[in-house]
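A.B. asks:
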Amino acid sequence: MSFGGFSDNKQPAPMADINVTPMVDVMLVLLVIFIITAPLFTHAIKLDLPSAQSAPAPTEPTTISLSINGEGTIFWNNDPLTQNELTAKLALASRQQPQPQLQLRADKGTRYEIIAQVMAAAQTNGLTKLGFVTDVPQSPQK
Numbered sequence: 255m256s257f258g259g260f261s262d263n264k265q266p267a268p269m270a271d272i273n274v275t276p277m278v279d280v281m282l283v284l285l286v287i288f289i290i291t292a293p294l295f296t297h298a299i300k301l302d303l304p305s306a307q308s309a310p311a312p313t314e315p316t317t318i319s320l321s322i323n324g325e326g327t328i329f330w331n332n333d334p335l336t337q338n339e340l341t342a343k344l345a346l347a348s349r350q351q352p353q354p355q356l357q358l359r360a361d362k363g364t365r366y367e368i369i370a371q372v373m374a375a376a377q378t379n380g381l382t383k384l385g386f387v388t389d390v391p392q393s394p395q396k
């Protein structure tokens, strides 16, 4: 804001007009610069890139859930089965490629003898990926 100007009164009054000419000049200069430099940004360099091939990603193994309740009943993905059926299914699963992962879930009250028999049957039939599934204890609420 500028103070001063010509008036009939002898008291100087503030000038209320904003001088936009310098701002317009700067904006026009910037516009010209951007118009000139914009085509330079779209210039592409032609390259002959090499091609590469990789092996296909390995497939994820399936997961078999073996559960044993407190009475010793064995469940294959929630379906009850006998010891003979378990042996047959383990033999069939061991021939799959990639070999499935066996997840063993056992009740707290299950006798260790039954768990050991299931683990021995899995090992005998050639299943090597065996994991134990447990519950995480809940922390007390605060």
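Per my numbering, numbering through the sequence shown is continuous, rising by one, with the last residue being 396.
Where is the CB? At the ideal position from N, CA and C, for every residue including glycine.
Only a predicted model underlies this, so the values are computations on that prediction, with no experimental measurement involved.
1) Can you tell which of 354, 360, 375 has its C-alpha closest to the C-alpha of residue 389?
2) Given a cut-off of 8 Å, decide if residue 316 and residue 208 are closer than it, judged by their beta-carbon atoms.
3) Suppose you measure from the CA of residue 293 to the CA of residue 287; what does that come to, to the nearest Å?
4) Using CA atoms only, rank isn't needed, just tell me which of 327, 310, 279, 343 is closest to residue 363.
5) With distances taken from CA atoms, which of 391, 392, 349, 365 is nearest residue 382?
6) Determine the burial state of residue 212: buried for a count of at least 16 other Cβ atoms within 10 Å of its Cβ, exposed for fewer.
7) So residue 348 is in the alpha helix (DSSP H); what residue range does that whole segment cover?
8) Along the alpha helix (DSSP H) that carries residue 317, what are the first and last residues, could you check?
C.D. replies: Concretely, from the data shown:
1) 360
2) No information on residue 208 is available, as it lies outside the stretch 255 to 396 that the chain covers here.
3) 11 Å
4) 327
5) 349
6) Only positions 255 to 396 of the chain appear in the structure, and residue 212 is not among them; the question remains open.
7) 337-348
8) Taken as a continuous stretch (DSSP letters only), residue 317 belongs to no alpha helix (DSSP H), being part of the beta strand (DSSP E) at 317-322.
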